[in-house]
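In the working numbering, the protein residues as written are 16 to 187.
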C-alpha cells in the first residue's frame, strides 16, 4: 500500500504541481485541545510523516523539520508531531526516529541500519507499529533512491503546500 500511495503522490506531483490534491476524509476528535486523535486516516498520515522525514534526510539542512517536530519539543522531551499512544515503545521510537535519523543524516546512513543503531531497543522488534513503519521506510527509501535533493525539495514543498484533507470532528 505504501508503494502505491507514494507513487500516486509522485505521479500527481510530476503531472501538475500547481493543482492541490485532496486525500479524502479523515476523522477524529481533539483531546486535549489542538491534538487530534485519529479514528480514520492514520495510515495516510503516518505514511506522509515518514515520507517527509525521508525527504528531510535527502534534502539536508533539516528543511522539513518544522513538519516533524516543533522547536519547543526539540528543547523539551522531543515528542514529534506524530504520536502513537497505544504502546509506549512506539512513542519512544518515533522520537528517536525523528531526532536521530530524519534530522541526523550522519550517525546512520541507511534505513536498514536503524534496527542495529544504539538507540533501537530490542523491545521495538515486538511492536507491530514500529515493524510496519520500518517496512514503509524501506519502501520509501527505495522509491526515493535515485531522486536528487532538488527534486526531493520540490516534492516536499508540494506535499506540505498542496495536499488537503476533508476533516470531520467526531467530538462535535
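Glycine included, every Cβ here is placed at the ideal spot set by N, Cα and C.
Values in this document were obtained by computation on a predicted structure and should not be read as measured data.
Buried or exposed by the 16-neighbour rule on C-beta atoms within 10 Å, applied to residue i
i	result
residue 54	exposed
residue 16	exposed
residue 155	buried
Through-space distance from residue j to residue i, alpha-carbon basis
i	j	result
residue 64	residue 73	14 Å
residue 78	residue 137	31 Å
residue 123	residue 177	31 Å
residue 179	residue 104	30 Å
residue 191	residue 21	Because residue 191 is not part of the residues shown, which for the chain are 16 to 187, the question remains open.
residue 157	residue 66	12 Å
residue 106	residue 145	10 Å
Endpoints, alpha helix (DSSP H) assigned at residue i
i	result
residue 157	143-159
residue 106	103-112
Continuous beta strand (DSSP E) stretch holding residue i: start and end
i	result
residue 184	178-184
residue 53	51-55
Per-residue DSSP class, three states only, for residue i
i	result
residue 41	strand
residue 36	strand
residue 84	coil
residue 79	coil
residue 31	coil
residue 166	helix
residue 91	coil
> Is there contact here, the stretch 30-45 with the stretch 87-96, by at least three beta-carbon pairs under 8 Å?
Replying inline: no
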